[in-house]
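To keep things clear, I will list the structure first and then write my remarks on it.
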Amino acid sequence: MAEETRHPFLHGLSKHRGSPPTVIIIFGASGDLTARKLIPAIYNLAHDGLLPADFYLIGFGRKAIPDAEFQKMAADAIKEFSRREPSPDVWARLAARTLYVSGGYDEKPAYDRLGARIAGLEKEIGQELQSLFYISTPPTVFAPIIQNLGASGLAARYLRQRHQSKCIIEKPFGRDLASAQALNLELTTVFDESQVFRIDHYLGKETVQDLLVQRFANAIFEPIWNRNFIDHVQITVAEQVGVEARAGYYEQSGCLRDMIQNHTMQLLALTAMEPPVSMDAESVRDEKVKVLKAIQPLRLDGANPDVARAQYGAGVIGGKPVPGYLQEKDVSPASATETFAALRLSINNWRWQGVPFYLRSGKHLARRVSEIAVRFKRTPGSLFAETDRSMLAANTLAFQIQPDEGLSLILNAKIPGLETRTQPVKMNFKYATTFGSNTPEAYERLVLDAMIGDGTLFIRGDETERSWQLCTPILEHWAAQGRTGLDTYASGAWGPPSAEALLAANGHSWREP
Ligand code: BG6
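Be aware that the sequence shown starts at 769, since it is given in this note's numbering, and climbs by one per residue.
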């Protein structure tokens, strides 16, 4: 493979991406995310030689288990979920540095024991360790963990030095504006904002980062990236899975909180933001906040609302009949929880005024696919009038976030032959074809970035509050309505009629991704 087309991980990383000696402490060590994502990500970083020579992993949880049992849990997780076959040598080195501390999340002495264990490791190696506290627990224990990290002095270790303590926190960052503000206050009472890394795992996806590269490393896009050339933008994050075993969580959440407020809003912000002055965390996040602030309040009722919500009914997925949401285990038969949501957003700034941004996400949809489709305006005039004008497609640039990662552009081409007839054709760039398919998982990038203190791919407190500010009135409106106005769609379809109506009002329709 030519040198310039090789994957950067084959070159190792640039010097500034080295991390200081680090201990990662995972709260929620026996949780699903830890097994599926965090431990495999740490293992793969070790595999690639990207962990500092002095690296430790400490699981923290209520259950009292010895180090050896946690090591066994970690080994099983790596075997089952690592993207690569585990190497016994790499694992043996990491296992020797994998420890466990037990204690209640609200018991201060447990944090003192944790602190003593970290201090013991520092003494052993004769070096200071950066502590990275990874909160991957249910939100009910966020506050006690944060408060105890403060009270025990752990949050303030080596403050304002490069290896100061850091806190990674998983969603949900609140369930509405007020609770998001309260959580941000908890965090910033104990940590400086520069120590806080709020995870949205979509930002760790290769294709989401590629969106920034495509936009800002190619001169052809900027001149046309505005209301003069773009007709509208469609962002789809479709899942084929249903609620599975997570009804307990999902019943309290629903699609707007689970996917729209965070993942799809982030995709919108990256698509629509102004070019940042640099790729540093503050510059990029300043631009994201600016564009989120320019989104207009939504029309919630009346004849042509900007929002649609629905629940999946029974249907067919992958050739098999599946039950509707109300028949799922642990779902209330009277549940008004939406499993699908769609929004029509207007961004009131110089670049985007008059360009609708449509967002949709749902479970039990036809396929698992996430994409951002930028639909350009049609050509003026009718040079090819003798051909069927409706055959001329609008140019569409689609960023395929997953699966089948890539970028495609729809153009009109002449069909070979003795007369001029046109046909839309698709130019495709596929990641797997160009770069191979074994790319790092989102969590590998995010854990590494947090270790080196780069917050570019994490959510700042004001970003999450702005996004909640937009979503909270919708949630309140839906809560007041209960099941009134809640649409349904057959499992395996692309969503409800009300989502079609959002676009039809502007003469648009959802493209099939
Ligand atoms: C999570 C949601 O944030 O994202 C889940 O809580 C959803 O409900 C998941 O399934 C989707 O992530 P991905 O990476 O599989 O698209």
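Built from N, CA and C at the ideal position, the CB exists for glycine as well.
Which stretch, first to last residue, makes up the alpha helix (DSSP H) that contains residue i?
{"i": "Asp1303", "result": "With the chain represented from 769 up to 1281, any question about residue 1303 goes unanswered, as that position is not in the structure."}
{"i": "Gly918", "result": "910–919"}
{"i": "Met1219", "result": "1210–1220"}
{"i": "Ile1242", "result": "1229–1249"}
{"i": "Gly799", "result": "Neither: Gly799 is in no alpha helix (DSSP H) and is coded neither H nor E."}
{"i": "Ile807", "result": "807–815"}
{"i": "Glu961", "result": "Careful: Glu961 lies outside any alpha helix (DSSP H) and carries neither H nor E."}
{"i": "Gly888", "result": "876–893"}
{"i": "Asp944", "result": "Looking at the DSSP string, Asp944 is not in any alpha helix (DSSP H), and its letter there is neither H nor E."}
{"i": "Gly1101", "result": "According to the sequence shown, residue 1101 is Pro rather than Gly. First-last for Pro1101: undefined, no H or E at that position."}
{"i": "Leu922", "result": "Careful: Leu922 lies outside any alpha helix (DSSP H) and carries neither H nor E."}
Return the bridge partner residues of residue i from the DSSP annotation.
{"i": "Ser1046", "result": "DSSP output for Ser1046 lists no bridge partner at all."}
{"i": "Gly829", "result": "Ser870"}
{"i": "Glu1139", "result": "Thr1004, Gln1168"}
{"i": "Arg966", "result": "Ile937, Ile1227"}
{"i": "Phe1144", "result": "Ile998"}
Can you check whether the CB of residue j is closer than 9 Å to the CB of residue i?
{"i": "Phe823", "j": "Arg865", "result": "yes"}
{"i": "Asp978", "j": "Leu1175", "result": "yes"}
{"i": "Leu1111", "j": "Ile1028", "result": "yes"}
{"i": "Glu1139", "j": "Thr1039", "result": "no"}
{"i": "Tyr1080", "j": "Ser1259", "result": "yes"}
{"i": "Trp1278", "j": "Ala1261", "result": "no"}
{"i": "Gln895", "j": "Ser787", "result": "no"}
{"i": "Asp968", "j": "Lys939", "result": "yes"}
{"i": "Asp1074", "j": "Leu1066", "result": "yes"}
{"i": "Asp1217", "j": "Phe965", "result": "yes"}
{"i": "Gly1130", "j": "Tyr1017", "result": "no"}
{"i": "Val1001", "j": "Val1123", "result": "yes"}
{"i": "Leu867", "j": "Phe849", "result": "no"}
{"i": "Ala1109", "j": "Gly1022", "result": "yes"}
{"i": "Thr767", "j": "Phe1152", "result": "There is no way to answer for residue 767, as the model of the chain reaches only from 769 to 1281."}
{"i": "Ser904", "j": "Leu1036", "result": "no"}
{"i": "Ala1200", "j": "Ile1178", "result": "no"}
Give the secondary structure of residue i by DSSP, where H, G and I count as helix, E and B as strand, and everything else as coil.
{"i": "Gly1282", "result": "In this structure the chain extends from 769 to 1281, so residue 1282 is not present and cannot be described."}
{"i": "Ser904", "result": "coil"}
{"i": "Val791", "result": "strand"}
{"i": "Lys1088", "result": "strand"}
{"i": "Ala770", "result": "In this predicted model, Ala770 has a pLDDT of only 39, less than 50, meaning its place in the structure is not dependable; the value taken from the coordinates is given anyway. Correct three-state label for Ala770: coil."}
{"i": "Gly1022", "result": "coil"}
{"i": "Val1011", "result": "coil"}
{"i": "Ile1063", "result": "strand"}
{"i": "Asp999", "result": "strand"}
{"i": "Phe989", "result": "coil"}
{"i": "Phe984", "result": "helix"}
{"i": "Tyr824", "result": "strand"}
{"i": "Gln1029", "result": "helix"}
{"i": "Gln929", "result": "coil"}
{"i": "Ser1266", "result": "helix"}
{"i": "Ser1205", "result": "coil"}
{"i": "Ser899", "result": "strand"}
{"i": "Thr1252", "result": "coil"}
{"i": "Glu1055", "result": "helix"}
At the level of alpha carbons, what is the spacing between residue i and residue j?
{"i": "Ser1235", "j": "Leu1127", "result": "14 Å"}
{"i": "Asn952", "j": "Tyr879", "result": "21 Å"}
{"i": "Leu1225", "j": "Met1033", "result": "14 Å"}
{"i": "His1276", "j": "Lys1145", "result": "12 Å"}
{"i": "Asp1237", "j": "Ala836", "result": "Here residue 1237 turns out to be Gln, not Asp, going by the sequence shown. Each residue's Cα considered, the two are about 46 Å apart."}
{"i": "Tyr926", "j": "Ile792", "result": "15 Å"}
{"i": "Phe1197", "j": "Ala1166", "result": "10 Å"}
{"i": "Trp859", "j": "Leu813", "result": "11 Å"}
{"i": "Lys840", "j": "Tyr1211", "result": "21 Å"}
{"i": "Gly1250", "j": "Val1099", "result": "15 Å"}
{"i": "Gln1121", "j": "Leu1270", "result": "18 Å"}
{"i": "Phe828", "j": "Asp1230", "result": "29 Å"}
{"i": "Val869", "j": "Leu917", "result": "14 Å"}
{"i": "Asn1180", "j": "Trp993", "result": "20 Å"}
{"i": "Ala1076", "j": "Ala924", "result": "45 Å"}
{"i": "Pro1101", "j": "Ala1078", "result": "15 Å"}
{"i": "Arg1213", "j": "Arg851", "result": "14 Å"}
{"i": "Ala1273", "j": "Ile833", "result": "59 Å"}
Determine the extent of the beta strand (DSSP E) in which residue i is found, giving its start and end residues.
{"i": "Asp1255", "result": "1255–1259"}
{"i": "Gln839", "result": "Note, Gln839: premise wrong, no beta strand (DSSP E); alpha helix (DSSP H) at 835–849."}
{"i": "Tyr1126", "result": "1125–1130"}
{"i": "Gln1191", "result": "1189–1198"}
{"i": "Ala1109", "result": "1108–1113"}
{"i": "Ala1181", "result": "1174–1183"}
{"i": "Ile936", "result": "934–937"}
Taking 8 Å as the cut-off, is the C-beta of residue i nearer than that to any heavy atom in the ligand HEM?
{"i": "Arg1077", "result": "Ligands displayed in this structure: the ligand BG6; the ligand HEM is not among them."}
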